[in-house]
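Numbered by my numbering, the letters in the sequence shown go through residues 202 to 836 in order.
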Amino acid sequence: MRSRNPGLQKEEDQAFQFLKSVHSADVARFWARRAESRKGILLKLANSIIRENIDDLYSGGTIMDGSDAYLRRIMIESGDSHLQKERTYLLVQKQGNKILFPVINKSAFRFVEVDVPLLVEGQRVRSVCSAAELVFLLFNKEDYPNRDTFVQELNNGTANLALALTFHEGWEQTVLTEAADLDVETSIDYVLKKGADAHLFFEQLVVEGHHLHPGAKTKIGLTYEDTFRYSPEFHQTFPIRLAAVKKSLVWSTGATFESSFPESAEAGNKELKDRGYEESLYTILPVHPWQFEHAIPEIYQKEIENEEVILLSSKPINAEATSSFRTVAPKRKEAPVLKLAVNSQMTSTVRSISTQTAMNSTVFSQMIREIKDREPQLRSFVPLNEWGGAAFHSEERLKSRNLTMLIRESLHPHLENGEVAVAGMSLYARSPISGLTILHELVQEFQTNNHFTRTRAAKEFFCHYIQKVLPGYMTMMVKYGVALEGHLQNSLPVFKNGRLTRFFFRDWGGARVYAERLRKQGISPKFAADSVSVTNDRSSMHNKLYYTVFQNHLGEIIRQLVQYSGLPEKTFWVEVKKVVKEELDRLSLVDDLAGQVAEDRTFLFQPTVMHKSLTQMRLSNSKGDAYTEVPNPLA
């Protein structure tokens, strides 16, 4: 039978050929996982389309169940077991196509969780085969000029997910064997028993990527060999490469690579000397190995010819990927992590790093320290500071963004006995040991240690969590105008006995600083010129915090806790609203903050809020953020 999406078949075949060449024992497993990967990306896309209400597909669709005459007729005529009279469906009609979205659940922010969409073809009903097919069924190229490119991204992500799931299955078996030897029954206890050897366990656990983004597994420009070599879910070790750059062409701030990794820098300088160069004229910069091989030689061809950039053969330090492809953890005890430019599109963004982000690293860290010194009540709300940054100095955008690095402190040295740090996005990942999500493991531990019922444990766990986390985000925004990008990917909650003890946050690049409020508090950081982080638009600050903290972060935790406890979703949002009100009331008593509190109170409790439209942005190739209005559970 001819494939309904030959582009997807081609991507899967390429992934298969790579797997066959290096891991032939996993070939059968790959084909078994293909259906799971197709479904995974398809459901991310379907949920996103409905949530974003693209072309009014949600608001203009028809909700129906087994009592609806049209649905009953289709059931009878098709005789198809795809349709179930007990289930609710959303009927969408577009481009002459009739598609039924089986509704599983509805959550805050119009998060409509659906099962595999069904295409009605006359008297026949069949499942939509892939994310790409759903795009073709719903959207034409005239209205959405980036449609075909988006389809390529979805196909690439689907094949990448199949590869990841294939490898993950084997890795899970290894972890299960180790867990049995260690006599542990949860991932939490496994990490505690393994200690430093497992410090990347949660960082590398998320196989399916971003929980809201249909392009979660997209890696454009990478071969499947590259993906396997450098992506976190494959648990590979690789060498960080080095480049020597003329000092006159490097802008830097704070700690340098040489001061943070002296032995590695020494190896680079020795090679320079051995090759006849004056090492005092050069700065040693770390480079991601993919970037070293595929981007640097082309982007900096002229500089390499002029010996202003020298690619070194030294490989003095090995690393592994964290949850972020471009942020790598050197395999040296308590070493800082390195965020390195990668000129490849992952999800919907090319992962190079701007000069402004590099130069603002220490400025932002110092600003956070100054705020924290003034707010001692936020002692358990802890930044992972960026100690230094460096970038290639050029007026050409491509050159200024692709020899860039940041040095960020590691969390591991901060941990105390019995504490376990959980990378935020792994809270919704499934434990290879217990089969539960990591969040469920934590709440279960909290429940057991406190002799609570399941419902009481879920509620008290959540209340304790938001009481530790929300005051930090609220104080930063309301008083200082600093909207941190507080989504799960930037969050590192630390637990002991199932209870949150401290909350670490990281990555300043996506934050928004509303300059007027910061100046009012007498803080005047010298951010780099043209920094997108600095804004005079209050709504930019509001939308950044609300989308990342309330929708992405708390919204997902609440969805998981509803599944665990059976409590109504509203139970948890009432507690969020209570903490938000308490913080606003407390801050309203601070001198000269009444006006800011009133502005933020109006925003936070308005009937609708703006949801970031990830799929709409890719279909239209929007350069800036696009948003759609969704109901606000705090209203």
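Using N, Cα and C, we set each Cβ at its ideal position, and we do this for glycine too.
Which residue or residues does DSSP assign as beta-bridge partners of Ser862? Past the boundaries of the shown model lies residue 862; the chain is included only from 202 to 836, so the question cannot be answered.
Identified DSSP bridge partners for Lys697: Taking the sequence shown and counting its residues from 1, the one referred to as residue 697 is at position 496. Lys697 pairs with Arg700.
Residue burial classification, Thr809 (beta-carbon count within 10 angstroms, cutoff 16): By one-based count along the sequence shown, residue 809 stands at place 608. Thr809 is exposed by the Cβ-count criterion.
Endpoints, beta strand (DSSP E) assigned at Gly590: Taking the first residue of the sequence shown as 1, we reach residue 590 at position 389. From DSSP, the beta strand (DSSP E) with Gly590 extends over 587–593.
Exposed unless 16 or more other CB atoms sit within 10 angstroms - verdict on Arg720: Residue mapping note: residue 720 aligns to position 519 of the sequence shown, counting from 1. The residue is exposed, with fewer than 16 neighbouring Cβ atoms inside 10 Å.
How is Pro440 classed by DSSP in three states: helix, strand or coil? For the purposes of this step, residue 440 is taken as the residue at position 239 of the sequence shown. Strand.
Does DSSP put Ile634 in a helix, a strand or coil? Along the sequence shown, read from residue 1 onward, the residue named residue 634 stands at position 433. Note: Ile634 maps to coil in three-state DSSP.
How about Ala468 and Pro537: are their beta carbons less than 7 angstroms apart? On the sequence shown, position 267 is the one that residue 468 refers to. On the sequence shown, position 336 is the one that residue 537 refers to. It is not a contact, given that the beta carbons lie outside the stated cut-off.
As assigned by DSSP and simplified to three states, the class of Trp709: For the purposes of this step, residue 709 is taken as residue 508 along the sequence shown, with counting starting at 1. Under the three-state reduction of DSSP output, Trp709 falls in the coil class, being neither helix nor strand.
How is the alpha helix (DSSP H) around Ala530 delimited, first residue to last? Within the sequence shown, residue 530 is the residue found at index 329, counting from 1. Run containing Ala530: none in the alpha helix (DSSP H); it sits in the beta strand (DSSP E), 528–531.
How is Tyr501 classed by DSSP in three states: helix, strand or coil? Here residue 501 is taken as the residue at index 300 of the sequence shown, counted from 1. DSSP places Tyr501 in coil when its eight states are reduced to three.
Looking only at its own chain, which residues have a Cβ that is under 7 angstroms from the Cβ of Gly477, when we skip the five neighbours before and after it? Position 276 of the sequence shown holds residue 477. Excluding positions up to five away in sequence, the list is empty.
Of the residues Lys286, Lys295, Glu287, Gly323, the one placed nearest Glu278, counting alpha carbons only: Here the question's residue 278 lines up with position 77 in the sequence shown. The option with the nearest alpha carbon to Glu278 is Gly323.
Secondary structure at Glu508, three-state DSSP: helix, strand or coil? As a position in the sequence shown, residue 508 is number 307, starting the count at 1. Here Glu508 sits in coil by DSSP.
Just to confirm my understanding: we take Met202, look at its own chain, exclude 5 residues before and 5 after, and list those with CB closer than 6 angstroms. What are they? To locate residue 202, count along the sequence shown from 1; it is residue 1. Residue confidence is low: Met202 scores 32 on pLDDT, short of 50, so the model does not pin down where it sits. No coordinate-derived value is stated.
Nearest candidate by alpha-carbon position, reference Tyr425, set Pro440, Glu459, Gln502, Phe368: For the purposes of this step, residue 425 is identified with residue 224 of the sequence shown, where counting begins at 1. Residue Phe368 is the option with its Cα nearest to Tyr425.
Starting from Leu291, trace the alpha helix (DSSP H) both ways and give me its first and last residue. As a working note, residue 291 is residue 90 in the sequence shown. No alpha helix (DSSP H) holds Leu291; the beta strand (DSSP E) holding it covers 289–295.
So, helix, strand or coil for Thr367, using DSSP? Indexing the sequence shown from 1 puts residue 367 at position 166. Thr367 falls in the helix class under three-state DSSP.
Which same chain residues, not among the five before or five after Arg442, have their C-beta less than 6 angstroms away from its C-beta? Within the sequence shown, numbered from 1, the residue matching residue 442 stands at position 241. The residues are Val488, Pro490, Phe493.
Taking the beta carbon of Lys211 as the centre, do at least 16 other beta carbons fall within 10 Å, making it buried, or is it exposed? The residue labelled residue 211 in the question sits at position 10 within the sequence shown. By the neighbour-count criterion, in which 16 or more other beta carbons inside 10 Å mark a residue as buried, Lys211 falls on the exposed side.
Give me, in chain order, the residues of the same chain whose beta-carbon lies closer than 6 angstroms to that of Ser453; leave out the 5 immediate sequence neighbours on both sides. Here the question's residue 453 lines up with position 252 in the sequence shown. Excluding residues within five positions, the ones whose Cβ falls inside 6 angstroms are Ala591.
Could you compute how far the alpha carbon of Leu355 sits from the alpha carbon of Gly422? On the sequence shown, position 154 is the one that residue 355 refers to. On the sequence shown, position 221 is the one that residue 422 refers to. Computed Cα separation, rounded: 14 angstroms.
Could you check where the beta strand (DSSP E) with Asn298 kicks off and where it finishes? Looking up residue 298 in the sequence shown gives position 97. Here the beta strand (DSSP E) through Asn298 covers 298–308.
Beta-carbon proximity check, Leu413 vs Ser331, cutoff 7 angstroms: As a first step, residue 413 is located in the sequence shown; it is residue number 212 there, counting from the start. As a first step, residue 331 is located in the sequence shown; it is residue number 130 there, counting from the start. A distance of 7 angstroms or more separates the beta carbons of Leu413 and Ser331.
In or out: His652 buried (at least 16 other Cβ within 10 Å) or exposed? Within the sequence shown, the letter at position 451 stands for residue 652. Taking a 10 Å sphere around the C-beta of His652, we find fewer than 16 other C-beta atoms and assign the residue as exposed.
Since Leu835 contacts Val777 with CB under 8 angstroms, what's their CB separation in whole angstroms? Here residue 835 corresponds to residue number 634 of the sequence shown, with the count starting at 1. Here residue 777 corresponds to residue number 576 of the sequence shown, with the count starting at 1. Contact between Leu835 and Val777 is confirmed by a C-beta separation of about 7 angstroms, below the 8 angstroms threshold.
Can you tell me which of the three DSSP states Met202 falls into? Indexing the sequence shown from 1 puts residue 202 at position 1. In this prediction, Met202 has a pLDDT of 32, which is less than 50 and means its spatial position is unreliable; what the coordinates show is noted afterwards. In this structure, Met202 counts as coil in the three-state DSSP scheme.
Please tell me whether Glu480 and Leu473 are closer than 7 angstroms, where the distance is taken between their beta carbons. Position 279 of the sequence shown, counted from the first residue, corresponds to residue 480. Position 272 of the sequence shown, counted from the first residue, corresponds to residue 473. By the CB criterion at 7 angstroms, Glu480 and Leu473 fall inside the cutoff.
Touching or not, the stretch 790–805 and the stretch 333–351, by the rule of three or more beta carbon pairs under 8 angstroms? With the rule of 3 Cβ pairs closer than 8 angstroms, the stretch 790–805 does not count as touching the stretch 333–351.
Check whether the Cβ atoms of Leu701 and His665 lie closer than 7 angstroms to each other. Position 500 of the sequence shown, counted from the first residue, corresponds to residue 701. Position 464 of the sequence shown, counted from the first residue, corresponds to residue 665. Result yes, Cβ atoms of Leu701 and His665 sit closer than 7 angstroms.
Could you check the C-alpha separation between Val564 and Gly723 for me, to the nearest Å? For the purposes of this step, residue 564 is identified with residue 363 of the sequence shown, where counting begins at 1. For the purposes of this step, residue 723 is identified with residue 522 of the sequence shown, where counting begins at 1. Rounded to whole angstroms, the separation of the alpha carbons of Gly723 and Val564 is 15 angstroms.
Which one of Thr548, Glu253, Arg802, Tyr259 has the shortest CA to CA distance from Arg787? Your numbering for residue 787 matches position 586 in the sequence shown. Considering only alpha carbons, the answer is Arg802.
Can you tell me where the alpha helix (DSSP H) holding Asn584 begins and where it ends? By 1-based counting over the sequence shown, the position of residue 584 is 383. Rather than Asn, the amino acid found at residue 584 in this sequence is Pro. No alpha helix (DSSP H) contains Pro584, which is instead part of the beta strand (DSSP E) from 582–584.
Between which two residues does the beta strand (DSSP E) containing Asn519 stretch? Counting from one through the sequence shown, the residue named residue 519 turns up at place 318. Secondary structure note for Asn519: its beta strand (DSSP E) is the uninterrupted segment 518–522.
Judging by CA-CA distance, which residue of Leu693, Pro694, Phe705, Ser741 is the nearest neighbour of Ala712? In the sequence shown, counting from the first residue as 1, residue 712 sits at position 511. For the residues Leu693, Pro694, Phe705, Ser741, the minimum Cα distance to Ala712 belongs to Ser741.
Check whether the stretch 674–682 touches the stretch 605–622, counting contact only when three or more Cβ pairs, one atom from each stretch, lie closer than 8 angstroms. No: the two stretches stay apart, fewer than three of their Cβ pairs being nearer than 8 angstroms.
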